[in-house]
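A.B. asks: Please find one structure pasted underneath; my questions will follow.
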Amino acid sequence: MEVENSVIVNFAEISKPNKMTGNKTFTMIKPNAVEKGFTGAILAKINEGGFRIVAMKKMKLTREQAEAFYEIHKERPFFAGLVDFMSSGPIIAAILEKNNAVEDYRKLIGATNPDEAERGTVRNLFGTNVQMNAVHGSDSDENAEIEGNFFFSKLERF
Ligand code: IDP
Ligand code: MG
Numbered sequence: 387m388e389v390e391n392s393v394i395v396n397f398a399e400i401s402k403p404n405k406m407t408g409n410k411t412f413t414m415i416k417p418n419a420v421e422k423g424f425t426g427a428i429l430a431k432i433n434e435g436g437f438r439i440v441a442m443k444k445m446k447l448t449r450e451q452a453e454a455f456y457e458i459h460k461e462r463p464f465f466a467g468l469v470d471f472m473s474s475g476p477i478i479a480a481i482l483e484k485n486n487a488v489e490d491y492r493k494l495i496g497a498t499n500p501d502e503a504e505r506g507t508v509r510n511l512f513g514t515n516v517q518m519n520a521v522h523g524s525d526s527d528e529n530a531e532i533e534g535n536f537f538f539s540k541l542e543r544f
């Protein structure tokens, strides 16, 4: 009886759609891109890329919030500058949905350094330099979940 139950539970678990690949990612339009008026053009690229907007808001991060968001980079030489920049003006935060969302969004935005980002990618088109590279994109399903939860409650997702 116990064995049968555990089989049923496991089947329900693996039957969840997109469980293996993940269908959500988290993005921010960074202060330089918002300031330059690129928000609409970047949202159009996101739309054309086939992503659905699950949640979105405009806000200004405090220093402490920017430090917490980028905590994994706290030992890196660029950390202090990154925190200053990310708390310097308003950002747009959003949760995006698509099959294979994390990988496909990283492809859409291009390499971290806009000079190395492929032509036509968001960072190539709208980035200023390696720090002010227009957008954030989660690097894994796990981080997409953590980052989305950092910004949005369940009541803000549709
Ligand atoms: P990613 O955003 O492409 O995932 P990460 O290595 O996770 O790149 O770095 C996080 C952010 O830190 C970058 O998006 C960029 O804003 C900034 N950054 C990364 N490398 C440098 C650097 O060498 N100089 C200045 N800023 C950097
Ligand atoms: Mg990263």
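Sequence positions in the sequence shown follow this note's numbering and run 387 to 544.
Glycine included, each C-beta is placed from N, C-alpha and C at the ideal position.
Where N404 and T413 are concerned, what is the direct C-alpha to C-alpha distance, given to the nearest angstrom?
C.D. replies: Caution is warranted here: a pLDDT of 45 is assigned to N404, below 50, making its placement in the model unreliable, and no coordinate value can be reported.
A.B. asks: The alpha helix (DSSP H) spanning T425 covers which residue range?
C.D. replies: 425 to 434
A.B. asks: Report all residues from its chain with a CB closer than 7 Å to the CB of Q517; omit the five preceding and five following residues, and keep chain order.
C.D. replies: F464, G467, L468, F471
A.B. asks: When we look at the beta-carbon of R509 and count the other beta-carbons within 10 Å, is it buried (16 or more) or exposed?
C.D. replies: buried
A.B. asks: In three-state DSSP terms, what is E453?
C.D. replies: helix
A.B. asks: Classify L447: buried if its beta carbon has 16 or more other beta carbons within 10 angstroms, exposed otherwise.
C.D. replies: So L447 counts as buried.
A.B. asks: Assuming I428 and F537 make a contact with CB atoms under 8 Å, what is their CB distance in whole Å?
C.D. replies: Between F537 and I428 the Cβ distance is about 17 Å, and since that is not below 8 Å, they are no contact.
A.B. asks: Can you look up G475 in the DSSP assignment and give me helix, strand or coil?
C.D. replies: In the three-state scheme derived from DSSP, where H, G and I count as helix and E and B as strand, G475 is classed as coil.
A.B. asks: By alpha-carbon positions, which one of E483, N519, T507, T425 ends up nearest to E531?
C.D. replies: E483
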